[in-house]
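Trainee: Going by numbering that gives the first Met the number 0, the residue at position 160 of the sequence shown is 159; the numbering climbs one at a time, nothing skipped.
Note that beta-carbon positions come from the ideal geometry of N, C-alpha and C, so glycine has one too.
What follows is a structure written as structure tokens; I'll ask about it next.
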Amino acid sequence: MRVLPPVTPTPEQLKVLADVKPGFRIIRGAAGSGKTTTALLRLKEQIRVRLDRRERLGHHAPVRVLVLTFNRTLEGYITELARNATPQDDALDLEIKTFSRWARSLVGDVDIVGGDETAAMLRPHIDSFATNRQHEFFVDEVQYVLGRFEYDPVDFDPDDLSGYLTVEREGRGKAPRVARPTREKLIYEAIPAYMDSKRRRGKIDWSDLTMLAAAAASRDAYDVVIVDEAQDFSANQIRAIQQHLHDPHNTTFVLDAVQRIYPQYFRWREVGINARPEIIHTLKTNYRNTAEIAAFAYPLVEGLPLEDDGALPDFEACRRSGAKPLVVAGKYSDQLRVVIDRLEETADFDNESVALLQPRGGGWFNEARRVLAQRAIPYCELTRQNEWPVGPNVALCTIHSAKGLEFDHVLLPGLSQQVTPHGTDEGDADLERLRRMLAMAVGRARKSVMVGYKPGEESSLIGLLVPSTYELVRV
Ligand SMILES: Nc1ncnc2c1ncn2[C@@H]1O[C@H](COP(=O)(O)OP(=O)(O)OP(=O)(O)O)[C@@H](O)[C@H]1O
Ligand SMILES: [Mg+2]
Numbered sequence: 000m001r002v003l004p005p006v007t008p009t010p011e012q013l014k015v016l017a018d019v020k021p022g023f024r025i026i027r028g029a030a031g032s033g034k035t036t037t038a039l040l041r042l043k044e045q046i047r048v049r050l051d052r053r054e055r056l057g058h059h060a061p062v063r064v065l066v067l068t069f070n071r072t073l074e075g076y077i078t079e080l081a082r083n084a085t086p087q088d089d090a091l092d093l094e095i096k097t098f099s100r101w102a103r104s105l106v107g108d109v110d111i112v113g114g115d116e117t118a119a120m121l122r123p124h125i126d127s128f129a130t131n132r133q134h135e136f137f138v139d140e141v142q143y144v145l146g147r148f149e150y151d152p153v154d155f156d157p158d159d160l161s162g163y164l165t166v167e168r169e170g171r172g173k174a175p176r177v178a179r180p181t182r183e184k185l186i187y188e189a190i191p192a193y194m195d196s197k198r199r200r201g202k203i204d205w206s207d208l209t210m211l212a213a214a215a216a217s218r219d220a221y222d223v224v225i226v227d228e229a230q231d232f233s234a235n236q237i238r239a240i241q242q243h244l245h246d247p248h249n250t251t252f253v254l255d256a257v258q259r260i261y262p263q264y265f266r267w268r269e270v271g272i273n274a275r276p277e278i279i280h281t282l283k284t285n286y287r288n289t290a291e292i293a294a295f296a297y298p299l300v301e302g303l304p305l306e307d308d309g310a311l312p313d314f315e316a317c318r319r320s321g322a323k324p325l326v327v328a329g330k331y332s333d334q335l336r337v338v339i340d341r342l343e344e345t346a347d348f349d350n351e352s353v354a355l356l357q358p359r360g361g362g363w364f365n366e367a368r369r370v371l372a373q374r375a376i377p378y379c380e381l382t383r384q385n386e387w388p389v390g391p392n393v394a395l396c397t398i399h400s401a402k403g404l405e406f407d408h409v410l411l412p413g414l415s416q417q418v419t420p421h422g423t424d425e426g427d428a429d430l431e432r433l434r435r436m437l438a439m440a441v442g443r444a445r446k447s448v449m450v451g452y453k454p455g456e457e458s459s460l461i462g463l464l465v466p467s468t469y470e471l472v473r474v
């Protein structure tokens with residue numbers, strides 16, 4: 000599976016590389032604007048400077064570097080990229096990890112409850128104020144609260160979360176509305192009961208792990224840190240990282256708020272960072288998408304609340320152009336047939352990468368697996384893989400796991416309402432998340448995008464697409 004080739008930095012990137020003073024930096028820009036690439040060039044440069052300095056001053060401690068990613072697939076991808084970008088040197092201690100793997104390395108052996116188990120433990124305590132359909136929303140809301148406000152997971156005190164009672168719930172849509180009485184029930188009833196259930200089982204959750212990582216004794220602190228896809232980190236995760244920084248340090252956060260797909264949100268000042276203009280670098284050029292792909296993605300996120308660190312896909316920022324994206328309307332098997340036929344006509348399977356992305360994993364890929372096997376097209380599975388595969392250039396992957404990755408061709412068949420459920424009120428939080436998610440998925444593509452749906456069962460996201468930006472094929 001292909002990763003990114005080495006690039007020659009452009010003037011906007013050189014400015015970021017030349018900014019060598021210690022402290023926090025924020026790199027932001029739309030999907031494909033070279034944020035990760037620039038952060039890795041910066042990493043290489045900072046490692047070089049630190050190693051030289053160590054040598055010159057005769058220091059013994061190694062240069063400690065940490066690169067954090069949100070999910071395992073991106074960890075594999077970045078490890079592959081960083082392998083080429085960083086020197087082999089005994090004086091360099093380089094860790095590339097997901098946040099949770101890093102947190103576990105600090106906290107030690109813990110038993111963590113999975114998402115389904117958390118949902119089941121919370122259900123009885125949420126049912127008193129939420130409808131059945133809102134259940135998932137409130138499970139996310141708990142994650143949001145425990146990610147944004149600091150608390151003690153060992154000796155839990157709900158008053159620590161009281162900031163939630165009056166906070167503007169940014170990043171969580173306008174609907175469902177969560178009025179004060181519901182917020183009180185959440186932090187004084189549901190969350191304490193959930194904390195109790197975990198304790199009785201001898202388990203903790205990801206939010207607790209974050210709080211424990213913040214409190215864990217630091218081994219030697221990090222000199223250089225990069226956090227990729229920081230928009231999906233919680234405030235508490237950012238605070239935990241700050242507990243393990245050397246003074247002086249170079250810490251770079253890479254993010255695009257428009258691509259946030261998890262129930263997290265924080266403002267820089269909440270985590271003690273003064274985001275003054277001097278520490279922010281905004282990248283403008285879109286090196287990845289063709290103008291047609293960016294124009295196709297734009298209406299999906301147009302009109303969403305634009306946060307400081309967000310950037311919409313902009314076709315004028317693209318440097319290449321190509322064919323319009325294809326939308327196939329028909330039965331799922333016909334969608335697959337048409338998109339694979341089209342790929343076989345236009346793609347070079349030996350040298351170009353292809354991703355078939357689905358909103359949900361597991362069994363949702365069965366039909367695609369069967370069809371690819373039948374047509375003798377070798378493929379690999381990327382979801383949750385922290386080793387970047389060397390083999391086939393066709394990958395199956397959930398949209399969540401494709402975050403931050405790039406492929407020449409992106410296939411999104413089977414966009415049904417069933418796999419993209421949401422509420423119907425104006426500003427529904429799930430709908431906003433799904434819009435960001437689909438735009439992010441489209442934004443993975445360098446050359447072509449093909450979307451499929453079954454008429455009558457299509458996702459309401461399809462209705463957001465603008466017909467002049469795509470070619471429609473009915474089968
Ligand atoms: N200076 C450059 N010259 C040519 N191509 C470049 C340059 N910088 C970056 N690119 C290319 O731009 C594409 C996108 O880069 P990258 O993945 O770093 O973007 P990103 O901003 O991190 O995107 P995302 O928000 O999706 O994570 C890659 O193909 C990369 O090789
Ligand atoms: Mg990136």
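Could you name the residues of the same chain whose beta carbon sits closer than 8 Å to that of W101, not counting the 5 residues immediately before and after it, in chain order?
Mentor: Only L65, L67, E94, A212 meet the Cβ criterion.
Trainee: Buried or exposed, going by whether 16 or more other CB atoms sit within 10 Å of the CB of A372?
Mentor: With fewer than 16 Cβ atoms within 10 Å of its Cβ, A372 is classed as exposed.
Trainee: Collect the residues with a C-beta less than 7 Å away from any heavy atom of ligand 3 and give them in sequence order along the chain.
Mentor: Of the ligands this structure carries, namely ligand 1 and ligand 2, none is ligand 3.
Trainee: Closer than 8 Å by C-beta to L460: which residues in its own chain qualify, once you throw out the five before and the five after it? Chain order, please.
Mentor: So the list reads L299, L414, T419, L433, R434, L437, once near-sequence residues are dropped.
Trainee: Going by DSSP, what residue range makes up the beta strand (DSSP E) through G451?
Mentor: Unbroken beta strand (DSSP E) run through G451: 444-452.
Trainee: I believe P175 touches Q133 by the beta-carbon criterion, under 8 Å. Please report the beta-carbon distance rounded to the nearest angstrom.
Mentor: Confirmed, about 6 Å.
Trainee: Would you please verify whether the beta carbon of T9 is less than 8 Å from any beta carbon of chain B?
Mentor: Here there is only one protein chain, and chain B is not present.
Trainee: Between the Cα of V106 and those of T209, A296, P86, D195, spot the shortest distance and give me the residue it belongs to.
Mentor: Comparing Cα-Cα distances from V106 to each of T209, A296, P86, D195, the minimum goes to T209.
Trainee: Nearest to P86 by CA position, among V393, L40, L356, is which residue?
Mentor: Nearest C-alpha to P86: L40.
Trainee: Closer than 7 Å by C-beta to Y261: which residues in its own chain qualify, once you throw out the five before and the five after it? Chain order, please.
Mentor: Same-chain partners within the cutoff: D231.
Trainee: Residue ranges of each beta strand (DSSP E) run of no fewer than 3 residues wholly in the segment 339-371, ordered along the chain?
Mentor: With a minimum length of 3 residues, the continuous beta strand (DSSP E) runs that stay inside the segment 339-371 are 353-357.
Trainee: Here's the rule I'm using: 16 or more other beta-carbon atoms within 10 Å means buried, otherwise exposed. How should G113 be labelled?
Mentor: Burial call: exposed.
Trainee: Let me check you understand the geometry: is the CB of Q258 closer than 7 Å to at least one non-hydrogen atom of ligand 1?
Mentor: Flag set: Cβ of Q258 near ligand 1.
Trainee: Could you have a look at D307 and say whether DSSP puts it in helix, strand or coil?
Mentor: Coil, per DSSP.
Trainee: For V409, which residues in the same chain have their Cβ closer than 6 Å to its Cβ, ignoring the five residues on either side in sequence?
Mentor: Hits under 6 Å: A354, R443, A444, V448.
Trainee: Are the CB atoms of V223 and Q45 within a distance shorter than 8 Å?
Mentor: Contact: yes.
Trainee: In the DSSP output, which residue or residues are listed as bridge partners for R24?
Mentor: In DSSP, R24 forms a bridge with T251.
Trainee: Name the DSSP beta bridge partners of S415, please?
Mentor: According to DSSP, which records beta bridges pairwise, S415 is partnered with E457.
Trainee: Take I111 and list the residues in its own chain whose beta-carbon comes closer than 7 Å to its own, dropping the five residues that flank it on each side.
Mentor: Answer for I111: K202, I203, D204, W205, L208, listed in chain order.
Trainee: Looking at N385: is its Cβ nearer than 8 Å to the Cβ of G75?
Mentor: Yes, they are a contact pair.
Trainee: Give the DSSP-derived three-state secondary structure of R52 in the structure shown.
Mentor: R52 falls in the helix class under three-state DSSP.
Trainee: Would you kindly work out how many angstroms separate the C-alpha atoms of Q258 and A440, rounded to a whole number?
Mentor: Rounded to whole angstroms, Q258 to A440 spans 9 Å at the Cα level.
Trainee: Please report how far the alpha carbon of D427 lies from the alpha carbon of F314, in whole angstroms.
Mentor: Straight-line Cα distance between these residues: approximately 27 Å.
Trainee: Where do the N-terminal and C-terminal ends of the beta strand (DSSP E) with N285 fall, by residue?
Mentor: Its beta strand (DSSP E) spans residues 285-289.
Trainee: Taking the alpha-carbon positions, what's the T345 to V450 distance?
Mentor: In a straight line, the C-alpha of T345 is about 16 Å away from that of V450.
Trainee: How about L3: is its Cβ closer than 7 Å to a heavy atom in ligand 1?
Mentor: For ligand 1, at least one heavy atom lies less than 7 Å from the Cβ of L3.
Trainee: Please identify the residue among I26, L91, N83 whose C-alpha is closest to the C-alpha of D227.
Mentor: It is I26.
Trainee: Within the continuous alpha helix (DSSP H) that includes I125, where are the two ends?
Mentor: Where I125 is concerned, the enclosing alpha helix (DSSP H) stretches over 114-125.
Trainee: Leaving out five residues before and five after R47 in sequence, what residues of the same chain have Cβ atoms less than 8 Å from its Cβ?
Mentor: Taken in chain order, the residues that qualify are P86.
Trainee: Hey, is the segment 355-368 in contact with the segment 319-329, meaning 3+ C-beta pairs nearer than 8 Å?
Mentor: Touching, no, given that fewer than three Cβ pairs across the two stretches are closer than 8 Å.
Trainee: Going by CA-CA distance only, name the one from A328, R1, S127 that's closest to E188.
Mentor: Checking every option, the nearest Cα to that of E188 belongs to S127.
Trainee: Would you say Y286 touches ligand 1, meaning its beta carbon is less than 7 Å from a heavy atom?
Mentor: Checking every heavy atom of ligand 1 against the Cβ of Y286, one is found closer than 7 Å.
Trainee: Note the first and the last residue of the continuous alpha helix (DSSP H) segment covering D195.
Mentor: Here the alpha helix (DSSP H) through D195 covers 190-200.
Trainee: With DSSP as the reference, label K330 as helix, strand or coil.
Mentor: Three-state DSSP puts K330 in coil, outside helix and strand.
Trainee: Which residue from R52, E54, D308, D219 puts its Cα closest to that of D255?
Mentor: Residue D308 is the option with its Cα nearest to D255.
Trainee: With a cut-off of 8 Å, do at least 3 Cβ pairs link the segment 263-278 to the segment 390-406?
Mentor: They do not touch, by the three-pair rule.
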